[in-house]
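Some notes on the structure that comes next.
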Amino acid sequence: MSKPYYVKFEIPKDLVNAVYEAVRLAKQSGKVRKGTNETTKAIERGTSKLVVIAEDVEPPEVVAHLPILCDERSSKYVFVPSKKELGNALGIDVGSAAATIIDAGESQQILDQITNTIDELKNKSE
Numbered sequence: 000m001s002k003p004y005y006v007k008f009e010i011p012k013d014l015v016n017a018v019y020e021a022v023r024l025a026k027q028s029g030k031v032r033k034g035t036n037e038t039t040k041a042i043e044r045g046t047s048k049l050v051v052i053a054e055d056v057e058p059p060e061v062v063a064h065l066p067i068l069c070d071e072r073s074s075k076y077v078f079v080p081s082k083k084e085l086g087n088a089l090g091i092d093v094g095s096a097a098a099t100i101i102d103a104g105e106s107q108q109i110l111d112q113i114t115n116t117i118d119e120l121k122n123k124s125e
């Protein structure tokens, strides 16, 4: 299956696992927002540290605006392959199309590594 049109760069598998772990830790010790609406609000308010967007969202228009909004607001964002896995990382029983880390808590070190890697990946893809 090809990638959705809103996916701007490829994320390596080890980075995806780090993103899930960062979300898990931030949920326990920091602050996260789940869902497309709450994520959009956090980006617009400038409180978002890292936006996580699932690739398997149907219809894709639900999350297609997030990368554009993140670029406008200079927010970091990353893609993960599964909304179900993202939901699990958030501690909910259903999938989540998007989530954002507001306060990293104990996952700050992982978050810093992820954002540095994202910057490198975006620079390569441009």
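In numbering that gives the first Met the number 0, the protein residues as written are 0 to 125. For each residue, glycine too, the CB sits at the ideal point set by N, CA and C.
Original post:
So, L14 versus T116, is the Cβ gap smaller than 7 angstroms?
Top reply: Taking the sequence shown and counting its residues from 1, one reaches residue 14 at position 15. Taking the sequence shown and counting its residues from 1, one reaches residue 116 at position 117. Cβ distance < 7 angstroms, so L14 and T116 count as in contact.
Original post:
Helix, strand or coil: which one does DSSP assign to V93?
Top reply: Residue numbering aside, residue 93 sits at position 94 when the sequence shown is read from its first letter. V93: coil per DSSP, three-state reduction.
Original post:
Name the DSSP beta bridge partners of K121, please?
Top reply: Taking the first residue of the sequence shown as 1, we reach residue 121 at position 122. Answer is none; K121 lacks a bridge partner.
Original post:
Do you know how far the Cα of V50 is from the Cα of E71?
Top reply: As a working mapping, residue 71 is identified with position 72 in the sequence shown. As a working mapping, residue 50 is identified with position 51 in the sequence shown. One C-alpha to the other measures close to 13 angstroms.
Original post:
Among all the DSSP beta bridges, which residues are the ones paired with I52?
Top reply: Position 53 of the sequence shown, counting from 1, holds the residue named residue 52. Answer is F78, A97.
Original post:
Distance, Cα to Cα, E43 vs L68?
Top reply: Reading the sequence shown from its first residue, position 44 is the one you call residue 43. Reading the sequence shown from its first residue, position 69 is the one you call residue 68. The C-alpha of L68 is placed about 8 angstroms away from the C-alpha of E43.
Subject >> Whole-angstrom C-beta distance between A53 and V79, which should lie under 8 angstroms >> reply: Position 80 of the sequence shown, counting from 1, holds the residue named residue 79. Position 54 of the sequence shown, counting from 1, holds the residue named residue 53. Confirmed, Cβ separation roughly 6 angstroms.
Subject >> Closest residue to V31 among V56, L110, K7 (Cα-Cα distance) >> reply: Along the sequence shown, read from residue 1 onward, the residue named residue 31 stands at position 32. Sorting V56, L110, K7 by C-alpha distance to the C-alpha of V31 places L110 at the top.
Subject >> Pairwise C-alpha distance: A21 and L89 >> reply: Walking along the sequence shown from the start, residue 89 turns up at place 90. Walking along the sequence shown from the start, residue 21 turns up at place 22. If I take the Cα positions, the gap works out to 10 angstroms.
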